[in-house]
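Worksheet: one structure, shown below.
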Amino acid sequence: MSATATKTVVLEILRQDTTDATPYWEKFELEYRPNMNVISALMEIRRNPINADGKLTTPVNWDMNCLEEVCGACSMVINGRPRQSCTALIDQLEQPVRLEPMRTFPVVRDLIVDRSRMFDSLKKVKAWVPIDGTYDLGEGPRMPERKRQWAYELSKCMTCGVCLEACPNVNSGSDFMGPAPLSQVRLFNAHPTGAMNKDERLNAIMGEGGLANCGNSQNCVVACPKGIPLTTSIAALNRDTTVQMFKNFFGSDHMVD
Amino acid sequence: MSKDREFYLRRLHSLLGIIPVGLFMTQHFVVNHFATRGEESFNTAAHFMESLPFRFFLEWFVIFLPLMFHAFYGLYIAFTAKNNPQRYGTFRNWMFVLQRFSGVFLVVFIAWHVFETRFQAALGAEVNFNMMADILANPFMFAFYVLGVVTATFHFANGIWSFLVSWGITQSPTSQRISTYVTIGIFLALTVVGVQALLAFV
Ligand code: HEM
Ligand code: SF4
Ligand code: FES
């Protein structure tokens, strides 16, 4: 808690003007206020965009939405670790506070990244429960309450991208979709109605950039701010795809069961 | 190489690491251990292995081809990773890094070892106790072989751990922790067997 005693907050921010511009570091020194978080510090820079050299600069761009760690939009690399900036309290951070974009994703500007690849992966693995039809399909099977509670934990994923940033196998040289969409497959396959399409999801993650790219560094489960048991999900899917693989080859003409 | 086959290639890579390559390595270490019972025992054991029927078939299908597939695909896997142990210094992340480093070192070690022994045999040299004793008389070579043995046992033991995850056998954190302890035991046991055999040649 050394920051409480100091009068200023020093931030070093890796800035980038456009998608393919060269990044550069810029330093800012702000007046300390109690209970600041990284977002309120960034807002202070936006209000008064003067860097540590006393020069007028452009305000730093970042993304945010819920401000309570449920949307994932404000994720960035803070002092070397990817996390949400809305819950990163200045009092708990070592100074200078170094902010970088999550460069696993394409940088749009400054701290804003484009997480489209995650949303594309969710589409690819069909991370939803299909219920549309030409007639009313009626109620689905009931879900046991204890299973619902367990599934709720998996459903907390906010597609923030921290687990992809933490994973050594998600990078520009690989098309691995990363842990988050995989764990969503486990969630939707556990849903009693969603399970009616589980073979489609399993076959999707057995395709390009899928499950097999995991190399078990287990960084994701350490990094996930929502405490999602990502490595357990991956191991469980490894078993499900083992079974699916044999079913695909030796199985009869049935699909789901 | 079609990316759609990635899943099957990875599973094949994982399987071949244990069966046959890992089992062959264990068998190889056990046969080498005859050296601790003296020159004659080793030569008899090595000669027995050499004179197995279908030797050509066994060597290519149980050793060379599976090992080559595992090694080359392993190099591809190793070089696609962007290691980050300075960001996450956890045990598992270090094991991830070491699995890749040990794999890359094994390519060098195994290539050299095969050149010095099996390749020379193909050129007419006799592989026996004296050949190994000559090689290991050089302290640098001895150190290189000890490093090679330890790297191989580490890679195999840690590979058993990740094999169990890759096929969905160990899922829960508890089962994965216990398999860590068991594979550390396998690492230590195989290392003792391997290094004792090396010491018997000097
Ligand atoms: C010769 C050079 C070798 C290279 C370059 C190599 C490379 C690799 C790499 C990169 C992995 C990690 C795969 C992943 O996490 O997805 C791996 C796994 C493994 N390796 Fe090797 N390896 C080599 C030799 C060996 C040998 C000699 C053995 C057996 C004694 C072996 C047994 C294994 C096993 C059992 C795995 C675990 C498979 C899995 O993760 O499911 N490897 N290897
Ligand atoms: S699994 Fe966790 S770290 Fe990964 S995107 Fe979802 S919330 Fe973020
Ligand atoms: S603003 Fe939504 S998680 Fe931070």
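For the protein sequence lines, the chains are A and B, in the order given. Note that full-length UniProt numbering gives residue 22 to position 22 of the first sequence, counting from 1, and the numbers run on in steps of one. Note that full-length UniProt numbering gives residue 139 to position 139 of the second sequence, counting from 1, and the numbers run on in steps of one. Every residue gets a Cβ at the ideal spot worked out from N, C-alpha and C, and that includes glycine. All of these numbers come straight from a predicted model, not from anything done at the bench.
Nearest to residue i (by Cα), restricted to the options the options
i: I205(A); options: K124(A), S85(A) and V70(A); result: K124(A)
i: L122(A); options: F188(A), Y24(A) and M255(A); result: F188(A)
i: L30(A); options: N65(A), F246(A) and V38(A); result: V38(A)
i: residue 208(B); options: F105(B), E59(B), R92(B) and V62(B); result: Residue coverage of chain B in this structure runs from 1 to 202, which leaves residue 208(B) outside it and unanswerable.
i: A151(A); options: V185(A), Q95(A), S172(A) and F246(A); result: V185(A)
i: S217(A); options: S166(B), P53(B) and G194(B); result: S166(B)
i: G38(B); options: F140(B), N158(B) and N130(B); result: N130(B)
i: R87(B); options: T232(A), T87(A), N79(A) and Q16(A); result: N79(A)
i: V107(B); options: L147(B), W94(B) and L12(B); result: L147(B)
i: Y76(B); options: S162(B), R100(B), W94(B) and R55(B); result: R100(B)
i: G103(B); options: H13(B), L9(B), F7(B) and T117(B); result: H13(B)
Coarse secondary structure for residue i, derived from DSSP in three states
i: I50(A); result: strand
i: K247(A); result: helix
i: N37(A); result: strand
i: E100(A); result: strand
i: P144(A); result: coil
i: V108(A); result: strand
i: R115(A); result: coil
i: K198(A); result: helix
i: R177(B); result: helix
i: Y24(A); result: strand
i: R15(A); result: strand
i: T8(A); result: strand
i: M131(B); result: helix
i: M206(A); result: coil
i: E31(A); result: strand
i: M1(B); result: Model confidence at M1(B) stands at a pLDDT of 46, short of 50, so the residue's coordinates are unreliable; what they give is reported in the following sentence. Reduced to three states, the DSSP call for M1(B) is coil.
i: P82(A); result: strand
i: M177(A); result: coil
i: M141(B); result: helix
heavy atom of the ligand SF4 below 7 Å from residue i C-beta
i: S155(A); result: no
i: T26(B); result: no
i: V162(A); result: yes
i: S172(B); result: no
i: C167(A); result: no
i: I228(A); result: yes
i: T159(A); result: yes
i: P225(A); result: yes
Any non-hydrogen atom of the ligand HEM within 7 Å of residue i CB
i: S252(A); result: no
i: N216(A); result: yes
i: V107(B); result: yes
i: residue 205(B); result: A query on residue 205(B) cannot be resolved here, the shown segment of chain B reaching from 1 to 202 and no further.
i: G168(B); result: no
i: H47(B); result: no
i: S174(A); result: no
i: L65(B); result: no
Assumed close pair residue i, residue j - CB separation to whole angstroms, cut-off 8 Å
i: N51(A); j: F28(A); result: 6 Å
i: residue 258(A); j: C160(A); result: Since the first and last residues shown for chain A are 1 and 257, residue 258(A) lies out of range.
i: P179(A); j: Q84(A); result: Their Cβ separation, rounded to whole angstroms, is 17 Å, which puts P179(A) and Q84(A) out of contact at 8 Å.
i: V193(B); j: F64(B); result: In fact, because the Cβ distance is near 23 Å, the residues do not count as touching under 8 Å.
i: L198(B); j: V150(B); result: Not really, about 10 Å apart at Cβ, beyond 8 Å.
i: T193(A); j: P141(A); result: 7 Å
Closer than 7 Å: residue i CB and nearest the ligand FES heavy atom
i: N61(A); result: no
i: G72(A); result: yes
Alpha-carbon to alpha-carbon, residue j and residue i
i: C157(A); j: L190(B); result: 42 Å
i: A125(B); j: F119(B); result: 9 Å
i: K55(A); j: P181(A); result: 44 Å
i: A45(B); j: S51(B); result: 10 Å
i: F61(B); j: G215(A); result: 27 Å
i: P20(B); j: L93(A); result: 51 Å
i: F201(B); j: F24(B); result: 21 Å
i: T8(A); j: T22(A); result: 29 Å
i: L16(B); j: I160(B); result: 11 Å
i: E208(A); j: F176(A); result: 8 Å
i: P96(A); j: Q244(A); result: 50 Å
i: L123(B); j: K82(B); result: 41 Å
i: H47(B); j: S41(B); result: 10 Å
i: C167(A); j: N238(A); result: 18 Å
i: P139(B); j: I110(B); result: 19 Å
i: Y181(B); j: I112(A); result: 43 Å
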